[in-house]
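Enquirer:
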Amino acid sequence: MNYSILCVRFPGESGFTSSRTFKKLFPAALIAFLCALICIISESAMAQPTVHGSMPKVTLPSPQASSILRFGDYPMNLGSGLPDIRVPFYEITSGSLKLPISFSFHASGCKVQPAYSLLGQDWSIEAGGVLSRITRDLPDDPYQSFSSQTPAGIESIIQGSSSSMNTVQNIIENIDKHHDIFNYQVNTGLTGKFILQHSGVNGTTLTPRHLLSSPAKINPVITTNPIPRISSFRVTAEDGTIYVFGSSGSYGFNESLQMFPVYTSWWLASIVSADLQDSINFKYTSNVQNKWGYSEYLTVNDNFMGQMGGEVYLETNGQYRFSSPDYAQRMTSELYTVPVLDEILFSGGKVKFETRFSEDVQVVSQITVSRTDGVILCRFIPTISNFTTGSTVHKASVKVSEMLFQYGSTNPLTQKYTFEYYQSSYGFPSSGWVGSASQLSKDWGGFFNGNSGPLIPSNYEIPNWTGGDRAANPLYAMQGMLKKINFPTGGWTEFFYEGNKALQNVIVGTPGSDYAPGLRLRQQVSYTGPAQPAKTKTYTYSEGRIPIIPWLDYFGHKTYVPLLVWDFNNNAHPGVFRQRYISSELDPNLVSLVGLTILYPSVTEYEGTETDNTGKTEYTFSFNSPGMYESITNVPPTNWYIGNSIGDCPLFSDYDTYSYYGGTETFYPTKINYRPFETNYNTGKKMYKKSGTAYIPVYEETFLEGVYDQQEIPELLLGRFMYPVGRNDECLMDNFTSSPEHLGKFYYYDNNILTTGIRKLTKKTIRHYQDGEPLLTTTTDYDYSNLQHLQPTMISSTQSNGKIKVVRMKYPADYPNLTTTDPTTAGIKLLQSSNMHNIPVETSERIKNTPASAELMLQTMFTAYKPLARVPDKIFLEQSLTPTAGFTGSHVNAGAVIWPGSTQERISFNFYSQTKNLAEQQKKDDVKEVYLWGYRGMYPVAKVIGSDLVTVQNLVSQSLLDNNNFEESDENMRQELQKIRTGLQSTHAQVTTYTYSPFIGITSETDPRGITTYYEYDLMGRLIRILDKDQKIIKQLDYQYNVSQP
239 MNYSILCVRF PGESGFTSSR TFKKLFPAAL IAFLCALICI ISESAMAQPT VHGSMPKVTL
299 PSPQASSILR FGDYPMNLGS GLPDIRVPFY EITSGSLKLP ISFSFHASGC KVQPAYSLLG
359 QDWSIEAGGV LSRITRDLPD DPYQSFSSQT PAGIESIIQG SSSSMNTVQN IIENIDKHHD
419 IFNYQVNTGL TGKFILQHSG VNGTTLTPRH LLSSPAKINP VITTNPIPRI SSFRVTAEDG
479 TIYVFGSSGS YGFNESLQMF PVYTSWWLAS IVSADLQDSI NFKYTSNVQN KWGYSEYLTV
539 NDNFMGQMGG EVYLETNGQY RFSSPDYAQR MTSELYTVPV LDEILFSGGK VKFETRFSED
599 VQVVSQITVS RTDGVILCRF IPTISNFTTG STVHKASVKV SEMLFQYGST NPLTQKYTFE
659 YYQSSYGFPS SGWVGSASQL SKDWGGFFNG NSGPLIPSNY EIPNWTGGDR AANPLYAMQG
719 MLKKINFPTG GWTEFFYEGN KALQNVIVGT PGSDYAPGLR LRQQVSYTGP AQPAKTKTYT
779 YSEGRIPIIP WLDYFGHKTY VPLLVWDFNN NAHPGVFRQR YISSELDPNL VSLVGLTILY
839 PSVTEYEGTE TDNTGKTEYT FSFNSPGMYE SITNVPPTNW YIGNSIGDCP LFSDYDTYSY
899 YGGTETFYPT KINYRPFETN YNTGKKMYKK SGTAYIPVYE ETFLEGVYDQ QEIPELLLGR
959 FMYPVGRNDE CLMDNFTSSP EHLGKFYYYD NNILTTGIRK LTKKTIRHYQ DGEPLLTTTT
1019 DYDYSNLQHL QPTMISSTQS NGKIKVVRMK YPADYPNLTT TDPTTAGIKL LQSSNMHNIP
1079 VETSERIKNT PASAELMLQT MFTAYKPLAR VPDKIFLEQS LTPTAGFTGS HVNAGAVIWP
1139 GSTQERISFN FYSQTKNLAE QQKKDDVKEV YLWGYRGMYP VAKVIGSDLV TVQNLVSQSL
1199 LDNNNFEESD ENMRQELQKI RTGLQSTHAQ VTTYTYSPFI GITSETDPRG ITTYYEYDLM
1259 GRLIRILDKD QKIIKQLDYQ YNVSQP
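When we follow my numbering, the leftmost residue of the sequence shown carries the number 239, and every step to the right adds one.
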């Protein structure tokens, strides 16, 4: 058995990874040079045979980007067995935009390849977003040399080529067979996956296609210097909000691998409101993050044993013998240029991030929220340090032991959370080069398992290879997981975990073990304070489901290598031999698509322990693997190319039928059809109370989802057959010697399928029980008739009297082919062009006496929009004293939006402020209502009933009310607003005025009688007192701690 060390510096290798930042140690260029030097030394010192094969090429985002995306790929919910551990900090408000900032912990288990953020291991700062990609084969940027092939195109290349076999193989091996997978996530709730399809000259036109169908509109922005590549993305959500990812002016950031000319992630630059009036912007500094990697592999060369010797692939007494494989270790160092969030800027304030280093890891030291006038609203100060075992400091394992939240500028109110973690003498995975036993201590899902043997599993097809144990071990996976949270009020919550378990027997681990990678929550116990009773929740699970069953096949890959071979007559011919490449890592192409999250079809939550409780809730989930595996054994012969005719010889399925690592019992591979919308959605819950030893049902919800907009997108499956030698066959011998130029020129090709789609709720049933028997059942059905916006167009619910209430909605996209320029039509067209899909234009309430009867209209409301402003213009209402049949509502006629003539105007929105806030409205034939806005347009400061906007505006100084730097006192604001009352004394107008503490709340309200009420807040911004005009307390509020549950 041969041993060697190979150092590889290209991206995309699987293996142990660790994110370490080296800004304080070395410049990036020096790191790259040292890595290159180490590789040269390693390769020179030890002989290494040429390795032609490798696992599929997949390049992943940086560990920092992965720390955010993992919360979407591995969700924190009961279906995955993870508690939702989240500490809120602050919510940014910028006009109509809101962005919460919080800190989350992912308790899936200790990984040898950890995900790092500025809060360290397994914590994530949710304060923005990222759009990343998984590069599969070549990057899907608009290169002039881009080539995307179909099976028909491959056949043309092979059959039409006059080049040598090696030239054809080189062409085929460099074809981009797979689409990159793009994934975006923002903590406003925006999330999605898509690919880019290439078209146009040389494939330089990029068209986004949603994998999880969505009305979001995606626009890639292309730059050409120094090469054509995607510099940023503009994603417009279904409400018209615009998200800009990637470098854009002073904002955003493009993450990349150093010395690799394409981007791996585009970090959020700006969020812009649909009316283009409000924005939140993100500024970054840059740093270097290193991703170490370690993996092992075997290579087995299966060529004919002739005059040249070589590997053995011969039949002897019915047995096939294989030579000893070549064994090697692979170490990688991938250097990413990554962002460090510096500031979040919003109207009237900013969030400032400061960082430091904890050993080799860059972490946040302080986050400060302040107004533009310098007033500090709140501050976050974490205590971050490295895990230790005895005197050993684990430099790559970082924990948050304390979080301080300070509120106010002077004498701030301080609240402290402290955290405890599971930590034993097992230690933690290390992050350096080979030599640490912990680098060999990972199960097949990448979690710490304490083993120290080889990483490549044992293989019955290579009997003289003794592999390692990749079984899961929850005792090691629990290292560094959050154990206890101590709250500022004296209460605390403790978390107890156990190992995941799965239905399938795992053949890469300990025989009989049913543990699967990662952890799940077993019990959560909360206390409000010392000597207080505990509130306990205990969880039990059905057998878990694994998206990828870790058969040995998925650790392997097969390729073919040119070689001079000898036939049975000792004649030399150019040919190929099969090379099997066996990695310690699962096929990254499969893992990147399907993931390794263990999911549970049912989970039971007990209010107490499993035996001592007051009741339970049963949750159910639907499990469908996003990867559908199938064989291509039945690919028709037209998808085989065999060169010229080989006479009457048998089909190639008669040859190379011996199993290999990475395949099936034939030479045909397994392909995967990717269906990303197939997830474990919640199908219901049923609540019980306990009476004696019996559980009595009290409440039940069931959910049914349907899949919409399924479309198939082909990818290319392409491989090469082994040439048919190795049998002393008369037919084969004749053609082998007469047609040597075709040896090895045999290929299979077919389509892999990516299927787009989206799951939508189609039915919800709520059932109430009395004494264990159903008492009242309500069923609500949802219909989605327009795939362009994917919003519910009909919601029907069955009432207790048996009648069915129906609500029908129409949205901007439900008015197609608009061509006229009248104000109503122009307003709808503006909403369409702004991608504002989820705004109902018409809502119609109807009734049905029976499921089969006609709908009878009760009331229909139609909203017209301003032609230039994306805001409501008028509301029209159609009402009937008795239910009316045959009502059609608004529709398109001759390119214009029209509605029935009987529809009446009810409300007119006459004017808006410069910041698109409502300034004047009027009910039909009623007085006008006027609103003035101040504090940078953030808050309404006056409401006037019975006057008009122009009159009111002329009574005050708008620049003073704007209070752009928040320098005006409450008293100054009240005095200015008093001018409205004075100016309108001779009218019947009713004036109400308001003052505010920006980002805190209203501080005073003066009613139409001129009586002022005052409001006071604590340093956390919570209302604590309401006072009358004489400053006497009317109401006082006190806040107590309440135990929350996941």
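All C-beta atoms in this analysis are idealised placements derived from N, C-alpha and C, irrespective of residue type, glycine included.
Out of Thr776, Gln1097, Ile306, Asp611, point me to the one whose CA is closest to Gly1124's CA.
Expert: Translated into the one-based positions of the sequence shown, residue 1124 becomes position 886. The shortest C-alpha separation from Gly1124 is found at Gln1097.
Enquirer: Pick from Pro377, Leu428, Ile1262, Thr1031: whose alpha carbon is nearest that of Val501?
Expert: Counting from 1 along the sequence shown, the entry for residue 501 is found at position 263. The amino acid occupying residue 501 in the given sequence is Tyr; Val does not appear at that position. Cα-wise, what sits closest to Tyr501 is Pro377.
Enquirer: Which class does Ile460 belong to by DSSP, given the choice of helix, strand or coil?
Expert: One-based indexing of the sequence shown puts residue 460 at position 222. Looking at Ile460 - three-state DSSP - the assignment turns out to be strand.
Enquirer: Just to check my reading of the structure: Thr1018 and Lys1002 have Cβ atoms closer than 8 Å, yes? What is that Cβ distance to the nearest angstrom?
Expert: The residue given as residue 1018 occupies position 780 in the sequence shown. The residue given as residue 1002 occupies position 764 in the sequence shown. The pair is a contact, with the Cβ atoms about 5 Å apart (cut-off 8 Å).
Enquirer: Which of helix, strand or coil does DSSP assign to Asn1210?
Expert: On the sequence shown, position 972 is the one that residue 1210 refers to. Reduced to three states, the DSSP call for Asn1210 is helix.
Enquirer: For a quick check, are the C-beta atoms of Gly706 and Asn689 less than 8 Å apart?
Expert: The residue you call residue 706 lines up with position 468 of the sequence shown. The residue you call residue 689 lines up with position 451 of the sequence shown. Yes, the pair counts as a contact, with Cβ atoms nearer than the cut-off.
Enquirer: Residues in the same chain with beta-carbon distance under 7 Å from Asp1060, minus the five sequence neighbours each way, listed in chain order, please.
Expert: Taking the first residue of the sequence shown as 1, we reach residue 1060 at position 822. Cβ neighbours of Asp1060 beyond the five flanking positions: Ala1134.
Enquirer: Suppose you measure from the CA of Glu251 to the CA of Pro667; what does that come to, to the nearest Å?
Expert: Position 13 of the sequence shown, counting from 1, holds the residue named residue 251. Position 429 of the sequence shown, counting from 1, holds the residue named residue 667. Below a pLDDT of 50, predicted positions are generally treated as unreliable, and Glu251, at 28, falls in that range; no measurement from the model is reported.
Enquirer: Which runs of the beta strand (DSSP E) spanning at least 3 residues fall entirely within the segment 1026-1063, listed in chain order?
Expert: Within the segment 1026-1063, the complete beta strand (DSSP E) runs of at least 3 residues are 1032-1036, 1042-1048.
Enquirer: With Pro620 as the anchor, note down where its alpha helix (DSSP H) starts and where it stops.
Expert: For the purposes of this step, residue 620 is taken as the residue at position 382 of the sequence shown. Counting along the chain, Pro620 falls outside any alpha helix (DSSP H), though it belongs to the beta strand (DSSP E) covering 614-627.
Enquirer: For the segment 1061-1135, list the alpha helix (DSSP H) runs that are entirely contained and at least 4 residues long, ordered along the chain.
Expert: 1061-1071
Enquirer: Could you check where the beta strand (DSSP E) with Ser362 kicks off and where it finishes?
Expert: For this step, residue 362 is matched to residue 124 along the sequence shown. Element bounds for Ser362: 361-364.
Enquirer: Buried or exposed: where does Gly547 fall if 16 or more other Cβ atoms within 10 Å of its Cβ makes it buried?
Expert: Numbered from 1 along the sequence shown, position 309 holds the residue referred to as residue 547. For Gly547, the pLDDT reaches just 35, beneath the cut-off of 50, and the residue's location in the model is therefore unreliable, although a value from the coordinates is still provided. Under this definition Gly547 is an exposed residue.
Enquirer: Of all the options Gly718, Glu329, Gln423, which has the alpha carbon lying nearest to the alpha carbon of Ser346?
Expert: Numbered from its first residue, the sequence shown carries residue 346 at position 108. The shortest Cα separation from Ser346 among Gly718, Glu329, Gln423 belongs to Gly718.
Enquirer: Would you mind sorting Arg467 into buried or exposed? The rule is 16 or more other CB atoms within 10 Å of its CB.
Expert: Counted from its first residue, the sequence shown places residue 467 at position 229. Looking at its Cβ environment, which holds 16 or more other Cβ atoms inside 10 Å, Arg467 is buried.
Enquirer: By DSSP, does Tyr1277 sit in helix, in strand, or in coil?
Expert: Taking the first residue of the sequence shown as 1, we reach residue 1277 at position 1039. In the three-state DSSP reduction, Tyr1277 falls in the coil class, being neither helix nor strand.
Enquirer: Compare the C-alpha of Ile228 against each of Leu1275, Lys924, Leu1257 and name the closest.
Expert: The chain is shown only over 239 to 1284; residue 228 falls outside these bounds and no answer can be derived.
Enquirer: Restricting to Cα atoms, I'd like to know which of Val832, Tyr857, Asp850 is closest to Ser780.
Expert: If you number the sequence shown from 1, residue 780 lands on position 542. Nearest C-alpha to Ser780: Tyr857.
Enquirer: For the pair the segment 1145-1160 and the segment 1205-1224, tell me if three or more CB-CB distances fall below 8 Å.
Expert: no
Enquirer: Between which two residues does the alpha helix (DSSP H) containing Val631 stretch?
Expert: For the purposes of this step, residue 631 is taken as residue 393 along the sequence shown, with counting starting at 1. Note, Val631: premise wrong, no alpha helix (DSSP H); beta strand (DSSP E) at 630-645.
Enquirer: Which residue comes first and which comes last in the alpha helix (DSSP H) that contains Pro826?
Expert: For the purposes of this step, residue 826 is identified with residue 588 of the sequence shown, where counting begins at 1. Its alpha helix (DSSP H) spans residues 826-832.
Enquirer: In the structure shown, what three-state DSSP assignment does Tyr838 receive?
Expert: Within the sequence shown, residue 838 is the residue found at index 600, counting from 1. In the three-state reduction of the DSSP assignment, Tyr838 falls in the coil class, being assigned neither a helical nor a strand state.
Enquirer: Is Ile433 helix, strand or coil by DSSP?
Expert: Residue numbering aside, residue 433 sits at position 195 when the sequence shown is read from its first letter. Three-state DSSP puts Ile433 in a strand.
Enquirer: With a cut-off of 8 Å on the beta carbons, I'd call Lys1312 and Thr1250 a contact; round off their distance for me.
Expert: Any question about residue 1312 goes unanswered here, given that the chain covers just 239 to 1284.
Enquirer: Give a yes or no on whether the C-beta atoms belonging to Leu942 and Thr1000 are separated by under 8 Å.
Expert: Residue numbering aside, residue 942 sits at position 704 when the sequence shown is read from its first letter. Residue numbering aside, residue 1000 sits at position 762 when the sequence shown is read from its first letter. Between Leu942 and Thr1000, the C-beta spacing is below 8 Å.
Enquirer: Classify Glu493 as buried or exposed, calling it buried when 16 or more other Cβ atoms lie within 10 Å of its own Cβ.
Expert: One-based indexing of the sequence shown puts residue 493 at position 255. Counting Cβ neighbours within 10 Å, Glu493 comes out buried, since at least 16 surround it.
Enquirer: Thinking Thr426 and Pro380 are a contact (beta carbons under 8 Å), I'd like their distance in whole angstroms, please.
Expert: Position 188 of the sequence shown, counted from the start, is the residue given in the question as residue 426. Position 142 of the sequence shown, counted from the start, is the residue given in the question as residue 380. About 29 Å; that fails the 8 Å criterion.
Enquirer: Just to check my reading of the structure: Glu1080 and Lys1048 have Cβ atoms closer than 8 Å, yes? What is that Cβ distance to the nearest angstrom?
Expert: Indexing the sequence shown from 1 puts residue 1080 at position 842. Indexing the sequence shown from 1 puts residue 1048 at position 810. Going by Cβ atoms, the distance from Glu1080 to Lys1048 rounds to 4 Å, so yes, they are a contact pair.
Enquirer: Mind checking who Thr443 pairs with in its DSSP beta bridge?
Expert: Locating residue 443 in the sequence shown gives position 205, counting from the first residue. Answer is Ser437, bridged to Thr443.
Enquirer: Where Lys928 and Gly1010 are concerned, what is the direct C-alpha to C-alpha distance, given to the nearest angstrom?
Expert: For the purposes of this step, residue 928 is identified with residue 690 of the sequence shown, where counting begins at 1. For the purposes of this step, residue 1010 is identified with residue 772 of the sequence shown, where counting begins at 1. Going from the Cα of Lys928 to the Cα of Gly1010 covers about 11 Å.
Enquirer: Rounded to whole angstroms, what's the CA-CA distance from Lys739 to Ala754? Just pull it up for me.
Expert: Start at 1 with the first residue of the sequence shown, and residue 739 comes out as number 501. Start at 1 with the first residue of the sequence shown, and residue 754 comes out as number 516. Looking at the two C-alpha atoms, the distance is approximately 5 Å.
Enquirer: Which class does Arg708 belong to by DSSP, given the choice of helix, strand or coil?
Expert: Position 470 of the sequence shown holds residue 708. Assignment of Arg708 by DSSP, reduced to helix, strand and coil, places it in the coil class.
Enquirer: To the nearest angstrom, how far is it from the Cα of Tyr1277 to the Cα of Met1258?
Expert: Locating residue 1277 in the sequence shown gives position 1039, counting from the first residue. Locating residue 1258 in the sequence shown gives position 1020, counting from the first residue. One C-alpha to the other measures close to 11 Å.
Enquirer: Should Ser1151 and Trp1137 be called a contact, given that it needs their Cβ atoms to be closer than 8 Å?
Expert: Reading the sequence shown from its first residue, position 913 is the one you call residue 1151. Reading the sequence shown from its first residue, position 899 is the one you call residue 1137. No, they are not a contact pair.
Enquirer: Within a Cβ cutoff of 6 Å, which residues of the same chain sit near Asn621, ignoring the five residues on either side of it in sequence?
Expert: As a position in the sequence shown, residue 621 is number 383, starting the count at 1. Before going further, note that residue 621 is Thr rather than Asn in the sequence given. For Thr621, where only same-chain residues beyond five positions count, the Cβ hits under 6 Å are Ser639, Glu640.
Enquirer: So which of Thr626, Glu1093, Tyr1022, Glu1116 has the shortest CA-CA distance to His1075?
Expert: As a working mapping, residue 1075 is identified with position 837 in the sequence shown. Of the listed residues, the one whose Cα sits closest to His1075 is Tyr1022.
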